[in-house]
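One structure is given below, encoded as structure tokens.
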């Protein structure tokens, strides 16, 4: 029973990874792609790890460590990439509403 | 049933990998490729964990952890480089 | 006092990491980990850790637990919101970069806030300068600084304020 639950959680995790891939494919500009990539992969991986932990309870500690590590590094690398993208003035989609950062640093959006 | 579901998970992760790979190839900017690379890495980590599960070998989890560490550092370094290059 | 506390916190964090990595409390393994942790602490006394500036009062621990649950809920919500956008044919986005202000003073509190913002519905931290954060938002609901702050920051700050001040 626990095995079945674990396997289902595992599949749910990979579904989020797939949604992330789809977002990466469909989103119109760099920032939106980062958004799609970082959120889905974080939850997707956490669920996958949780699923494996349910299937192999003895591995829980190590899986927890991988999960904690990704929980910290994933958003950090996204942030660093977003900053790099903005500093190198990557083009944004024409739908963009407002860009306070460009306003403040004197760039033209 | 459980084996089937694990296979399904592997297939879905593979499809996600292909979508991210498309973005990696297409770009158009270097930043887009790095983002795709970041996502590919994380999907690869999930793949390693799945392999560990199927093969029943805990050592692959250590591989996944070290890979996560190195790719994180790699992405940070590349992002720094891109900022400097502008 | 600050230096001693920093070192102790760094030591505890490193040792915990080591124990999780090894998955055992065997005396031999523990001794090696402790030795390595002491060596690192001696090199980096000014390191930043989870516990830097953490306020060790009971209220903080309650806030930490609530924070984790709130965070996980927001993470799930953000994924559902994103799935909805990605799966709808017309891709309903309204992106922009807004500016928000944080009341948090400690670097660790700010780091946790920025990370949390990145993982919650539609928002991504782009740049941090002092008390100002620039946040990319997939569906901009408020373009003024106060409105955006209320919508993006307030939820997390409620807990982080108690934890880190």
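Chains as they are written, first to last, in full-length UniProt numbering: chain A, 1 to 109; chain B, 1 to 86; chain C, 1 to 165. Ideal Cβ placement from N, Cα and C applies to all residues, glycine included.
Beta-carbon proximity check, residue i vs residue j, cutoff 8 Å
{"i": "residue 29 of chain C", "j": "residue 96 of chain C", "result": "no"}
{"i": "residue 16 of chain A", "j": "residue 82 of chain A", "result": "no"}
{"i": "residue 126 of chain C", "j": "residue 86 of chain A", "result": "yes"}
{"i": "residue 68 of chain C", "j": "residue 152 of chain C", "result": "no"}
{"i": "residue 51 of chain A", "j": "residue 7 of chain A", "result": "yes"}
{"i": "residue 19 of chain B", "j": "residue 24 of chain A", "result": "yes"}
{"i": "residue 39 of chain B", "j": "residue 60 of chain A", "result": "no"}
{"i": "residue 146 of chain C", "j": "residue 103 of chain C", "result": "no"}
{"i": "residue 47 of chain A", "j": "residue 66 of chain A", "result": "no"}
{"i": "residue 79 of chain A", "j": "residue 24 of chain C", "result": "no"}
{"i": "residue 4 of chain A", "j": "residue 12 of chain B", "result": "no"}
{"i": "residue 75 of chain C", "j": "residue 120 of chain C", "result": "yes"}
Chain-ordered neighbours of residue i on chain C, where CB pairs are closer than 8 Å
{"i": "residue 37 of chain A", "result": "By Cβ distance, chain C contributes nothing, its closest Cβ being about 10 Å from residue 37 of chain A, past 8 Å."}
{"i": "residue 83 of chain A", "result": "126 and 127"}
{"i": "residue 101 of chain A", "result": "97, 99, 126, 127 and 134"}
Under 9 Å from the C-beta of residue i: neighbouring residues of chain A
{"i": "residue 70 of chain B", "result": "The premise fails here: residue 70 of chain B is roughly 11 Å from chain A at the closest Cβ pair, so nothing lies under 9 Å."}
{"i": "residue 6 of chain C", "result": "Per Cβ cutoff of 9 Å: no residues; residue 6 of chain C is ~19 Å from chain A at best."}
First through last residue of the alpha helix (DSSP H) which encompasses residue i
{"i": "residue 7 of chain B", "result": "2 to 26"}
{"i": "residue 85 of chain C", "result": "58 to 87"}
{"i": "residue 100 of chain C", "result": "No alpha helix (DSSP H) holds residue 100 of chain C; the beta strand (DSSP E) holding it covers 96 to 101."}
{"i": "residue 151 of chain C", "result": "145 to 152"}
{"i": "residue 31 of chain B", "result": "30 to 55"}
{"i": "residue 23 of chain C", "result": "Unbroken run through residue 23 of chain C: none, as it is neither H nor E."}
{"i": "residue 50 of chain A", "result": "30 to 55"}
{"i": "residue 24 of chain A", "result": "2 to 26"}
{"i": "residue 118 of chain C", "result": "107 to 118"}
Extent of the continuous beta strand (DSSP E) to which residue i belongs
{"i": "residue 66 of chain A", "result": "First-last for residue 66 of chain A: 60 to 87, but that is the alpha helix (DSSP H), not the beta strand (DSSP E)."}
{"i": "residue 125 of chain C", "result": "123 to 129"}
{"i": "residue 135 of chain C", "result": "132 to 137"}
Residues that residue i contacts on chain B, provided the C-beta gap is smaller than 7 Å
{"i": "residue 67 of chain A", "result": "Result: empty, since nearest Cβ-Cβ is about 10 Å, beyond 7 Å."}
{"i": "residue 48 of chain A", "result": "46 and 49"}
{"i": "residue 55 of chain A", "result": "53"}
Beta-carbon neighbours of residue i, restricted to chain A and to distances below 7 Å
{"i": "residue 59 of chain B", "result": "Those within 7 Å of residue 59 of chain B in chain A number zero; the least Cβ separation is about 10 Å."}
{"i": "residue 91 of chain C", "result": "26"}
{"i": "residue 21 of chain C", "result": "65"}
{"i": "residue 63 of chain B", "result": "None at all; the shortest Cβ gap to chain A is about 11 Å."}
Chain-ordered chain B contacts of residue i [CB-CB under 9 Å]
{"i": "residue 8 of chain A", "result": "5"}
{"i": "residue 2 of chain A", "result": "Neighbours of residue 2 of chain A on chain B: none; closest Cβ ~10 Å, over 9 Å."}
Neighbouring residues, chain C, relative to residue i (Cβ below 7 Å)
{"i": "residue 61 of chain A", "result": "20 and 23"}
Partners in chain C for residue i, counting only beta-carbon separations shorter than 9 Å
{"i": "residue 23 of chain A", "result": "82, 83, 85 and 86"}
Chain-ordered chain B contacts of residue i [CB-CB under 8 Å]
{"i": "residue 18 of chain A", "result": "12, 13, 15, 16 and 19"}
Proximal chain A residues relative to residue i, where beta-carbon distance stays under 8 Å
{"i": "residue 122 of chain C", "result": "35"}
**Given 8 Å, three or more beta-carbon pairs between the region 70 to 82 of chain B and the region 22 to 36 of chain A** = no
**Chain-ordered residues of the region 16 to 32 of chain B with a beta carbon less than 8 Å from chain A** = 16, 17, 18, 19, 20, 22, 23, 29, 31 and 32
**Asked** Using 8 Å as the threshold, is the region 42 to 49 of chain B in touch with the region 57 to 69 of chain B, meaning 3 or more CB pairs across them?
**Response** yes
**Request:** Taking a Cβ distance cut-off of 7 Å, strictly less, list which residues of the region 62 to 91 of chain C are near chain A, in chain order.
**Result:** 75, 76, 78, 79, 82, 83, 86 and 91
**Prompt:** What residues in the region 69 to 80 of chain A have a beta carbon less than 8 Å from any beta carbon of chain B?
**Reply:** 69, 70, 73, 74, 76, 77, 78 and 80
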